Structures are given as structure tokens and as C-alpha cells.
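Undergrad: Below are the C-alpha cells for one structure; questions will follow.
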Amino acid sequence: MANWIGSDQKLPQGRLILVSYVVVLETILLLIGFWKLQIVQSGHFADLAEKNRIRSIPIIAPRGKILDRYGRVIVDNYPSFSILLLRDDPAQIQKDLPQITTGLGVTADDLKQQLLEARDEPKFQPVIVKPEASDADLAFVESHRADLPELELMMVQRRKYPPDDFMAHVIGYVGEVSPEQLAQSGGDRYKPGDIVGKAGLERQYNDILTGTDGMRRVIVNSIGKPVRTLDDTEPIPGKPIQLTIDADLQRVAEEELTGKIGAMVALDPRTGETLAMASRPAFDPNDFAIRISRKEWTDLNDNPDKPLLNRAIQAQLAPGSVFKILESVAMLESGVPPPDFHVFCPGYGVFYGQVRHDWYPKGHGEVSLHEAIVHSCDIFFYNVGERLGIDRLSYYATALGLGKRTGIDLPSEESGLVPSSDWVERVYHHKWYPGSTISLAIGQGPIEVTPIQLLRSISGIAMDGVFYQPHLLKDFSPMKVTKFPISQNTIEQVVDGMYGVVNEDGGTGHELGYPILAQAKLQDVQFCGKTGTAQTISSQGLLRMAAAERGHFGYNTWFVGFAPKHNPEIAVAVLVQDTHLEAGGVAAPLAARFIKAYYQKKLGQPIEELQLAQAVPQKAGARAQEVAAAPAARNQ
Amino acid sequence: MKEREHSFELDWWLLFIVMVICSVGLLEIYSSTHSGPLHGMQWKQLAWIGIGFAGMLALSRIDYSGLLDQSLLLYLLSLGALAVALVVGSKHFGARRWIEIWGVDLQVSELVKLIIIIVLARYFSEVRTERLTLADLVKIGLLVGVPAGLILLQPDLGTAMALVPVAIAGAFLAGINWKHAVGVLTLGAVVAVAGWNGHFLKSYQKQRLATFLNPEESPRGAGYQILQSEIAVGSGGFWGKGFGKGSQNQLGFVPVRYSDFILAALAEEQGFFGVLITLLLYLALLLRLVDNAQKAKDRAGMFLVMGVAAIFAFQVLVNAGMVIGYMPVTGIPLPFMSYGGSSTIFGFLALGLVMNVRTKRFVN
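So the protein sequences, as listed, match chains A and B. Per this note's numbering, the first sequence starts with residue -15, numbered consecutively. Per this note's numbering, the second sequence starts with residue 573, numbered consecutively.
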């Protein structure tokens, strides 16, 4: 063989063997590479493969319903579809953007903004293009399944709030969990995109109302399409909450306030159960339940009438003459001045060198405590205040519940303010001006109360000094019951006075309050109460303000009352802000109508106020005219 | 010229190894595509194997000395074909590299690989000195550089690169001055390092270059492809997830899992064990080629066989390396396993050359 292989044809055998070593080396190197991946790191890559293929889709648990005291549904859920935009293929999205925006009626700028905000999120997390899809939107998505595969539908349970802003402030609303809440929860309670209560009861009882989301594990392919379902963990719906609110009385309260700025709260003084709580103007929580646009939010927030404010617990205003009831308790309990104290009211008086006028320029003549309450005589209470002094006034006002939160089960309750000499020295670094005591004596000056506070206070006095914690949850516990010993005689006298306000001729709440009950043959319910009127801004504030602006501010008018005289079962506070009529003309008839509705319901009669509301939708206007036409409007 | 008793002899061992590799490829193509819109692909691949096999038989009967005689003509023809493909060739995935023949798009560059093997075998066999001179190296550089440049223009970096190992292996076997070798390797390394690490290029330019060189890349980018391939390989473990049970493969996470990334699909479903068997099959194939080269009648035959071995070894290295993330995504198929008409036919025609050399080993 070797002889025909010439020297010029000699093969480089040694090099060929070297080449075969190189080939063996190549194989070994590759095998080491595969060994590292498949043996050394196989667990790590197995995890990645599982994450790749298994996707967990949350099944949103419906929130618990909100029921009134009789179990009637106030807040419910309804199934709805959200349209998702899958972000796997940005180039495809860019191409389809015009078709998507016109098809779904969203603006290209908004969608681009959303995509921009989501750019750091994992690619498989879609963007919600439209949270509440209409039938037309659903049809659009269904008919473009083939050419717009990046659009996907997701069924969600959405909050359904009652129409007409019913109980808006009490219920509150839900929204996406905020970054702050996420940070607070430490990451395990909430995840981004979770819906949580943001205000009102939705926030207060979020833990009860929130269920546990279920989970559907699906196998997805490389473009994220589910191929098959592995398993489902059923969601656990949130628990319902039953309220102390009576939806009928709530409706009455809201009808009463329609077209006004103010609040109305009613509770059972024997338990603290809140039967109605209304605040106007209001907002539609449904706007929040879907997705509130920046403009809607700004409009609500910047509205000078502050529709988002729950005035029943957040309006902090001077109580006006309602304060005279607390002052009366202070006088009788401390014996300063003595119980038989009486003054002659010429319509004015001089206190600390300053002339002070009674609201009734002609004067009330000779007045005792009873007449002073019934007619709301300022001169009498100026004298009482002068004698009591700031420290006693402040002590009793605080003891009777002013200047601190009532503890009602709602977030963001305000505490109000009871001034004291200590407080003035601490905050303003000067001694208490005795003249300020005179203003405080008629509930003016730097004193601030919320409607719920004033209601709890008056209810507690009517309950012989037992103050129940106002609450909205039927099974509220533990309930704080505060007792403040008040003598039977004091209560007798003060309540008698309040009875006179409504039921005696010349009582500040009689002329406009009593007939409403009498017409309904309810004159025997023994409705007791007290009117109040306060300037909408402090005297100092008025001084700081340009003269032209001052006229803009009207009065805040109050009425706080209860029925019956002994062992009261219903108490109501009414606040109407910025009215140019005084309390007897505005707040008292509202309270009387509410009491009438309460008894009509209790006696099984049709509730006149609700029937009126249904029959005459324009009631708000009609009511305003009626009030304006009322005689003797300057009634306090 | 031909002696009847030795006119036709196949290397049955080589053929057996190749047929086993082809079978593994067919099974994995079936596993990767049977549930999707590409199902039935294994039958098309079987047809390519059949055509390739016939081509191999035909080529093994042609005297390779005749082919070597015609190498200049073949070289010019291949340059012409590459130019034609660039100008009028049909465009797929943004690259012009196919010419339609009989209604089938053929990748011209695969045929060019074969011709470069022949041309270089001729050149190397005519070198009579102990060591290649610098002039030899420049000529070889030009011989390979011109078609490689044309292929790069298509653009197809992978196939262009595949021509280089033919020259390297040939130069090594023909004898090369150590200084020259170091010089050429240094030059190559500098160019490669500069190109890939981007000392002269900004990252966006590199990105553009990468996209330019690899138009098949999905919009998700090479990084995503490699990661998915690594996940497939790594999650396979030692024994694999089982035939047709690889989630990365079946759910489409592995890119072009029936072709360029078929080894990733196999690694996921058959595990390290399957990879071991497969790579040992390739090792056996390559060693069998070296054995054929050792037994070649003359230097030209040896260079032919070793040219084929160099290309196969290069493709295995780059393809398997890519699957585990050690090599860039360049679209180089795994010989006899990856789905593809042109590459399968090239593989068998290359085998035909080897058989041809074997047939002539006893012929004077």
C-alpha cells in the first residue's frame, strides 16, 4: 500500500491525530457547558421554566355588601368587564394604537401615558384600557379577536353604590390601593392594583368587607395565551356589614337637605345607634368605583362647597345658641349664678366696657333660665357667662363632650375645639380676654363643634348624663359609655326649657317647628330642642377680610333636638350653612319634619316626606320658596 | 479509468452514525411541532434527507479529481450565484440568500460552502513547500474572503463565518509558520473582540449591527432567545422531561425549536443524557471523518474530507455553544438535526465528497 503513496503525497498523519484531539476537546468542553446548566443549575432553571409556563390570575373576591338596619341592601356588587391591553408585543401595540383608541373611545394620549407608567412593570402585567366596558366595547373586542389579539377581557366584581349620592359620605368609596398603603402593609396584605376602601365605611371596615382573592393557575404559551387551567382556588367573598342606618330616615334627611349646604345626623340616644347621617352637597361614589379622571377629582376637590367633606363629622363651626344648653347645665351644676338667677333684658348690656346687643333688639324683659332658653335670650347668658368665667365654661363644655372626637366609626372625624385660658396662653401667648367669655356665652368666638359632637352632647344631657358612643355598625363593640353626673333637677330644668323652645308660644323653634308636627297630629311627641345661629367666620377673620367680601358670608344655623322629653328615643342635629335666614327659619322645620317622619314610620303610617319626594321631584326649589316666604324669619 | 471492483464503496459506519443523528433530529422535530400549526414538519425533513441521500450517492460516483480540475469554474460560478442571490434572490426574514429552483427556495451559500471545500483542497494539495508562505496565506484569505464577504452582504454572518474553519484546518494541515499562525490568530482575535465588545462601537450601533447581521431575530431580542434556550436546557436536568413533555419546547418559549435551537428542545426533553448521546454521535462522526482523511489516497482527498470535518465541527461548536449561551445567535444549524432543506442537502453532498474520496482510496 505504502509504495504508491509518493513523498509528495505524504499525509500529515501527526497533525490529523492532533485534529482528532481537538475534536474530542470540543466535545468535552460542550459537555461541561451542558453539565453546568443541566446538573449544577438545573433547579434554578426548573424554577424559571415553571414561572414561564404557569401564570396565576387572581379571581377577585367580591366585597361584602353594606346593609341598613333592617338588612336592606345599600351597597352591592355587580359583575363587569375590564378591557386589558397585553403588553407582550410593543411593536404590535404601536401599530394597532389608532384602531384601539377609536374602537374603545379612549384618547391616544391617555393610553400612551398608561403604557409609559407601566413600562417598568413585568411584561405580562397588562394595562387596563377601559375599566368598565360597555356592550359596544365588548362587541368591539369580540369581533377583533383575530386582528387585535393584544386586547383581552377580564371579569371583575365592581361596587354598585346607590343612585342620587345616597349616603355618599357615610359609605365612602373604594379605589386602587395607594403606594403609601402598599408600603405600610409591608407587601403581604395588599398587592398593586388591589381595590381597597378609601373613605367612609368602605375604609373603616375594609378588613371585614374585603374578601380573600382566589387564584386561577393557568398554563400559558410563549405569547401569554392561557392554554389550559391547572386549578382554581375559589375566592372567599368579603363579609357584609349591617348598619344602624334606617334607609328611609336617611332618605328623608337627604331630601330635607337637598339644595342646601349642611348636614343632618340622627341617633338613638339610648344606644348611640346612628339612624341617619347626611351631608350636602355630595358626590357620586360610583365615579370613584370605576376610575375617577383627574379632572373629575380636581373638580370635586376644588369645589368651594366642598362636596367631599362629610359635614356631619368634619364641619367644625361655632355652635351658636345651642351652646346655651351646656352653659345652663354648667350654671345649675356649679350654682354660679344661683338657680333662681334672673336678669332684666333691655335688648342690650355692657360687659367689660363693651356694649353687647341681644338678637331681639326690643329686649325680653325680666327673664329667668327657663325663658332665657325658650326665647334664647343673649343678655341672660352673657350675664351667666360673665359669672361662670372661662374655666368653668370650658370645664363643662369639655365634660359634656365638646372639643374631642365622639369616636364614631368613621375615618377622619374632626375634634372641634373648646377654648380655655390654658389654651390661649399656649397657642397665642397672652392671657384670656374676659370679653371672649361673653362671646363664648352665646356659642361664638373660637369654639368649634361638629354636628355629631353637638348631637351626642345634647343627647347625653337628655339621657341624664349618660353619653353613648355614636356608631354606624350594628354590632359595634366595644362601645364607650361615658357618664357625667348631672342632678335630676338640672336635667328637669334644661329639658323643660328645650321643650318650651318647640312647644311654647314664642319659643324660637315653635312657630316653624310645632305646626309641622301638629298638622301630622304628632304634637304630643314632646319634641324638645334648641336653635342656634352663628357667624360663618370668626370676628377676627371678618376683620382681616376686605369689606366687600364680608357680605358674602351668611349664618350657620343649627337645630339640635330630641323626643320625647323623658327617656328620649330619637335625637337629631341639623346644620344649614351660609343661609341668610336664621335658625328658627331654616334648621328647626328640617328637624321637625325629620321627627315627623320618624314617628310616622314608627306608627306604621306612610312617610309623608318620602311620598312628597317621589311626587314632586322639584321639591328642593319648592321647599326653598316655602322657607323664604315664612314670616318672622328673624327667629332665633 | 475506473476499476469496476472498487468503483463504489460507501463508508457504512459513517452512514450509520449520520442516519442515527437524522433520526434523532426527526423525532425532535416531530416533538417540537406536532401540536402546532407546523405539524407534519418531520415528513418534509424526511423528504430533504431523501433528496440529500440521492445527492450523496450521485456525488460519490463522480471522480473528485474531476471536480478539483473544475474548481476555478466552480468558484466563479459560486461567486456569480451569490451575486445573483443578492440581486434577484427571494427575501426571507429580511435577508437575500435564496434562489428559487424548481419552485423550491435554495440557499446558495450552502452550496458555496461545498465549493470552497473543493477549491481550498485543490489549492492546499498543490502547495509543495513544507510551510505555507505569506503569499499563500494572502491568496487563501482572498479565496475565502470574497465569497464570505458576499455572504455577509446577504446578510448571513453565520454561514460566512463557517467558511473560515475550512481555511484554518487546511492551513494547519498544510503546515503553517508559527509566526504567521500567531499573526493571523491575533488579527482575527482583535477584529472579533473589537466587533463584539464594541471598543469602536457604541451600544446602539452594536445593537443595529446585531440586528443587521441577524434579521431573523424576533423583536424580543437575542437575549430573550438565549435565556429561554438556557431555561429549556437547564430545566431538563439529567434525564429530561420526557418526549413531547418539555414545557419550554411545547409552549413555544424556545425560539425556532425545530431548527437552530433543536438541541435546546432535545436537552429539555431528553436531559443531559440525551445531550451526551447526541454529542458523542457527533464526536463519532467527526472522528470517522478524520479516519477517512487518514486513509485518503492523496493530499487533495484528505483536504476535501478535512474541509468537511472542519465545517461540521464548527457548526456543532457554534450551534451547541449558542444553545447554552456561550456563543452569539448566528443562525447556524446543527448538521443533520436542524430542520432545513439547504443545510440538509449540503450535509449529504459533503458526505458524498467523503464517500468519493473513500471510494478512490485504493485507486492509483
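Each residue gets a CB set at the ideal place from its N, CA and C atoms; glycine is no exception. Quick caveat, the model's predicted, so the values are computed rather than measured.
1. How would you write the range of the beta strand (DSSP E) that Q614 of chain B sits in, first residue to last?
2. I think G161 of chain A touches S66 of chain A, with their Cβ atoms under 8 Å apart; what is that distance to the nearest whole Å?
3. Let me make sure I understand the geometry here. Which of A:P430, A:H414, A:D480 has the alpha-carbon closest to that of T421 of chain A?
4. Out of A:V450, A:N287, A:I155, state which residue places its alpha-carbon closest to the alpha-carbon of I58 of chain A.
5. Going residue by residue through the segment 22 to 61 of chain A, where are the continuous beta strand (DSSP E) segments of at least 3 residues, counting only ones entirely within it?
6. Less than 6 Å between C-beta atoms, sequence neighbours within five positions excluded: which residues of the same chain meet that for D178 of chain A?
7. Confirm, please, whether the CB-CB distance from Q78 of chain A to L132 of chain A is below 8 Å.
8. Got a sec: is the Cβ-Cβ distance from E10 of chain A to anything in chain B below 8 Å?
9. May I ask you to verify whether the segment 860 to 868 of chain B touches the segment 680 to 696 of chain B, counting CB pairs closer than 8 Å and requiring at least 3?
10. How many angstroms separate the CA atom of S914 of chain B from the CA atom of L678 of chain B?
11. G721 of chain B: which of B:K711, B:M874, B:A732 sits nearest, CA to CA?
12. Would D252 of chain A and K585 of chain A qualify as a contact pair, given that the criterion is a beta-carbon distance under 8 Å?
13. Give me the chain A residues within the contact set of Q952 of chain B, using Cβ-Cβ distance strictly less than 7 Å, ordered along the chain.
14. For the segment 880 to 895 of chain B, enumerate the residues whose C-beta is nearer than 8 Å to any C-beta of chain A, in chain order.
15. Taking buried to mean at least 16 other C-beta atoms within 10 Å of its own C-beta, is W585 of chain B buried or exposed?
16. Is there a C-beta anywhere in chain B that falls below 8 Å from the one on V3 of chain A?
17. List the endpoints of the continuous alpha helix (DSSP H) containing G198 of chain A.
18. Taking the beta strand (DSSP E) that L259 of chain A falls in, what are its first and last residues?
19. If we require 4 or more residues per run, which alpha helix (DSSP H) segments fall completely within the segment 138 to 187 of chain A?
20. So, are the CB atoms of E397 of chain A and I297 of chain A less than 8 Å apart?
21. Name the DSSP beta bridge partners of G246 of chain A, please?
22. Go ahead and label F588 of chain B buried or exposed: buried means 16 or more other beta carbons lie within 10 angstroms of its beta carbon, across all protein chains shown.
23. Under a three-way DSSP split, which group does V465 of chain A fall into?
24. Give the secondary structure of H752 of chain B by DSSP, where H, G and I count as helix, E and B as strand, and everything else as coil.
25. Name the residue from A:F325, A:I475, A:K514 whose alpha carbon lies nearest to the alpha carbon of E488 of chain A.
26. Apart from the five residues just before and just after G490 of chain A, which ones in its own chain have a Cβ nearer than 8 Å to its Cβ?
27. Could you give the residue range of the alpha helix (DSSP H) that holds E239 of chain A?
28. Taking just the CA atoms, how far does Q234 of chain A sit from G444 of chain A?
29. Ignoring anything shorter than 4 residues, give me the alpha helix (DSSP H) runs that lie fully in the segment 831 to 870 of chain B, in order along the chain.
30. So, with DSSP's three-state summary, where would you put T705 of chain B?
31. Rounded to whole angstroms, what's the CA-CA distance from L735 of chain B to I834 of chain B? Just pull it up for me.
32. Starting from W585 of chain B, follow the alpha helix (DSSP H) in both directions and report where the run begins and ends.
33. So who's on the other strand from N540 of chain A, going by DSSP bridges?
34. With DSSP as the reference, identify every bridge partner of Y332 of chain A, one or two as the case may be.
35. If you reduce the DSSP assignment to three classes, tell me which class P615 of chain A lands in.
36. With a cut-off of 8 Å on the beta carbons, I'd call F307 of chain A and I426 of chain A a contact; round off their distance for me.
TA: In short:
1. As a first step, residue 614 of chain B must be located in the second sequence, where it is residue number 42. Segment 613 to 633 is the alpha helix (DSSP H) holding Q614 of chain B; no beta strand (DSSP E) there.
2. Here residue 161 of chain A corresponds to residue number 177 of the first sequence, with the count starting at 1. Here residue 66 of chain A corresponds to residue number 82 of the first sequence, with the count starting at 1. Reading off the sequence, residue 161 of chain A comes out as Val, not Gly. Between S66 of chain A and V161 of chain A the Cβ distance is about 16 Å, and since that is not below 8 Å, they are no contact.
3. Against the first sequence, residue 421 of chain A aligns to sequence position 437. Residue A:P430 is the option with its Cα nearest to T421 of chain A.
4. Your numbering for residue 58 of chain A matches position 74 in the first sequence. Checked all of A:V450, A:N287, A:I155; the closest Cα to I58 of chain A is A:I155.
5. 38 to 43
6. Here residue 178 of chain A is taken as the residue at index 194 of the first sequence, counted from 1. Counting only Cβ-Cβ distances below 6 Å, and skipping sequence neighbours, we find V161.
7. As a position in the first sequence, residue 132 of chain A is number 148, starting the count at 1. As a position in the first sequence, residue 78 of chain A is number 94, starting the count at 1. Not in contact: L132 of chain A and Q78 of chain A (Cβ atoms no closer than 8 Å).
8. Taking the first sequence and counting its residues from 1, one reaches residue 10 of chain A at position 26. Cβ-Cβ to chain B under 8 Å: yes for E10 of chain A.
9. no
10. As a first step, residue 914 of chain B is located in the second sequence; it is residue number 342 there, counting from the start. As a first step, residue 678 of chain B is located in the second sequence; it is residue number 106 there, counting from the start. When rounded, the distance between both Cα atoms is 6 Å.
11. Here residue 721 of chain B refers to the residue found at position 149 when the second sequence is read from its first residue. Residue B:A732 is the option with its Cα nearest to G721 of chain B.
12. Against the first sequence, residue 252 of chain A aligns to sequence position 268. Against the first sequence, residue 585 of chain A aligns to sequence position 601. No. Outside cutoff.
13. Outside the shown range of chain B (573 to 936) lies residue 952 of chain B, about which nothing can therefore be said.
14. A881, A885, V888, L889, A892, G893
15. As a working mapping, residue 585 of chain B is identified with position 13 in the second sequence. Exposed is the call here.
16. Here residue 3 of chain A corresponds to residue number 19 of the first sequence, with the count starting at 1. True, the Cβ-Cβ gap to chain B drops below 8 Å.
17. One-based indexing of the first sequence puts residue 198 of chain A at position 214. No alpha helix (DSSP H) contains G198 of chain A, which is instead part of the beta strand (DSSP E) from 198 to 204.
18. Against the first sequence, residue 259 of chain A aligns to sequence position 275. Counting along the chain, the beta strand (DSSP E) containing L259 of chain A begins and ends at 258 to 264.
19. 152 to 155, 163 to 169
20. The residue labelled residue 397 of chain A in the question sits at position 413 within the first sequence. The residue labelled residue 297 of chain A in the question sits at position 313 within the first sequence. Yes, they are a contact pair.
21. Residue mapping note: residue 246 of chain A aligns to position 262 of the first sequence, counting from 1. BP columns for G246 of chain A point to A:R264, A:V560.
22. Your numbering for residue 588 of chain B matches position 16 in the second sequence. F588 of chain B comes out exposed.
23. In the first sequence, the residue the question calls residue 465 of chain A occupies position 481. In the structure shown, V465 of chain A sits in a strand (DSSP, three-state: E or B).
24. The residue given as residue 752 of chain B occupies position 180 in the second sequence. If DSSP states are grouped into helix, strand and coil, H752 of chain B belongs with the helices.
25. Looking up residue 488 of chain A in the first sequence gives position 504. Answer by Cα proximity: A:K514.
26. As a working mapping, residue 490 of chain A is identified with position 506 in the first sequence. Cβ neighbours of G490 of chain A beyond the five flanking positions: V358, H359.
27. For the purposes of this step, residue 239 of chain A is taken as the residue at position 255 of the first sequence. That run of the alpha helix (DSSP H) goes 231 to 241.
28. By 1-based counting over the first sequence, the position of residue 444 of chain A is 460. By 1-based counting over the first sequence, the position of residue 234 of chain A is 250. Cα to Cα, the separation comes out at about 22 Å.
29. 834 to 866
30. Along the second sequence, read from residue 1 onward, the residue named residue 705 of chain B stands at position 133. Coil, per DSSP.
31. Position 163 of the second sequence, counted from the start, is the residue given in the question as residue 735 of chain B. Position 262 of the second sequence, counted from the start, is the residue given in the question as residue 834 of chain B. Those two C-alpha atoms are separated by around 23 Å.
32. Numbered from 1 along the second sequence, position 13 holds the residue referred to as residue 585 of chain B. Start and end: 584 to 605.
33. To locate residue 540 of chain A, count along the first sequence from 1; it is residue 556. A:A518, per the DSSP bridge assignment.
34. Within the first sequence, numbered from 1, the residue matching residue 332 of chain A stands at position 348. Per DSSP, A:H341.
35. Along the first sequence, read from residue 1 onward, the residue named residue 615 of chain A stands at position 631. In this predicted model, P615 of chain A has a pLDDT of only 35, less than 50, meaning its place in the structure is not dependable; the value taken from the coordinates is given anyway. Coil at P615 of chain A, not helix or strand.
36. Numbered from 1 along the first sequence, position 323 holds the residue referred to as residue 307 of chain A. Numbered from 1 along the first sequence, position 442 holds the residue referred to as residue 426 of chain A. The pair is a contact, with the Cβ atoms about 7 Å apart (cut-off 8 Å).
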